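Here the numbering used here is used: the sequence shown runs in plain steps of one and ends on residue 175.
A short worksheet on the structure shown next.
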Amino acid sequence: MDTLRTFIAIEIPADLRAKISEHINRLRRECPDVRASWSREDNLHLTLKFLGNVPIDRLPAISSAVEQAARHIRPFDLIVKDCGSFPPHGQPKVLWIGVSPSPLIVLYSEIEKECASAGFERDARAFHPHLTIARLRKPAGSRRLAEAHEALGFPPQSFIVSDIVVFKSDFLLEGSKHIALSRHQLASKTK
């Protein structure tokens, strides 16, 4: 059966993606010898739920679940700020830029509930909203890069979240490419 690698996310506006890309480029210049898989500007997003390889015939169920979740949430301001790495102790494996989680937790809970009702598994791990900017493949220099990332910081930026997107991720030679499968507007008023 054909499948698509699928996830549900908030798309980041182009101007903010450009600022994050500038941050990435500064880090690359500061630590050019560190091996990392850097997020491409056009792929930056905030993952709400990763579904993995989903049979194509299940895509309508995902879209329906996201549509139901979106009906319960009003558009909201999302603040992007702070820098860090996962795991917080030990060898860094992921560099991230943080987001203010308050409205996201409600949105995430609605998506989890609706996806579970549609037969998709709930996430086993706690939700820690963030924007991944790099995956560190080798330990050499990773601590130095994480420290440079945190020292550089990211000044607070905000944007209005007004929709949720179901994406597919295609693997290409130049890296993955995320393609929107469906968009779902948040409610104009609470129900």
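C-beta atoms are modelled at their ideal positions from N, C-alpha and C, and glycine is treated no differently.
Note that the structure is predicted; figures quoted are calculated from it, not measured.
- Item | Rounded C-alpha distance that separates GLY103 from ASN27 | 28 Å
- Within 10 angstroms of the Cβ of LEU156, are there 16 or more other Cβ atoms? Answer buried if so, exposed if not. exposed
- Query: Which residues in the same chain have their Cβ closer than 7 Å to the Cβ of GLU(-5), if we skip the five residues on either side of it in sequence?
  - Reply: If the five residues before and after GLU(-5) are omitted, its C-beta is found closer than 7 Å to the C-beta atoms of HIS29 and VAL149, all from its own chain and listed in chain order.
- Given PRO76, which residues of its chain have a CB within under 8 Å of its CB, disregarding the five upstream and five downstream residues? SER69, PHE70, LEU120, SER126, ARG127, LEU129 and ALA130
- Close beta carbons around GLN141, own chain, < 6 Å, minus the five adjacent residues each side: LEU0 and VAL64
- Task: Let me know the secondary structure DSSP gives LYS175 once reduced to three states.
- Result: For LYS175, the predicted model reports a pLDDT of 45, less than 50, meaning its position is unreliable; a value from the coordinates is still stated below. If DSSP states are grouped into helix, strand and coil, LYS175 belongs with coil.
- Just the Cα atoms here: how many angstroms apart are SER48 and LEU91? The straight-line gap from Cα to Cα measures roughly 15 Å.
- Output the distance between the C-alpha atoms of LEU43 and GLY82, rounded to the nearest integer angstrom. 29 Å
- Starting from PHE155, follow its DSSP beta bridges and name the residues at the other end. SER160
- Query: Three or more beta-carbon pairs under 8 Å between the segment 107 to 116 and the segment 52 to 60, yes or no?
  - Reply: Touching, no, given that fewer than three Cβ pairs across the two stretches are closer than 8 Å.
- Message: My assumption, with CB atoms under 8 Å, is that ILE95 sits in contact with LYS33. Please give the rounded CB distance.
- Response: 5 Å
- Message: Using a 10 Å radius around the Cβ and a threshold of 16 neighbouring Cβ atoms, would you call LYS175 buried or exposed?
- Response: Because the pLDDT at LYS175 is just 45, under 50, the model does not fix this residue reliably, and the value given afterwards should be weighed accordingly. LYS175 should be labelled exposed.
- Tell me whether the beta-carbon of ASP17 lies closer than 7 Å to the beta-carbon of ILE144. no
- Item | Neighbourhood of SER160 by C-beta distance below 7 Å, restricted to the same chain and skipping five residues each side | Excluding sequence neighbours, SER160 sits near ASN27, SER153 and ASP154.
- Message: Less than 8 Å between C-beta atoms, sequence neighbours within five positions excluded: which residues of the same chain meet that for ASP(-14)?
- Response: PRO39 and ILE40
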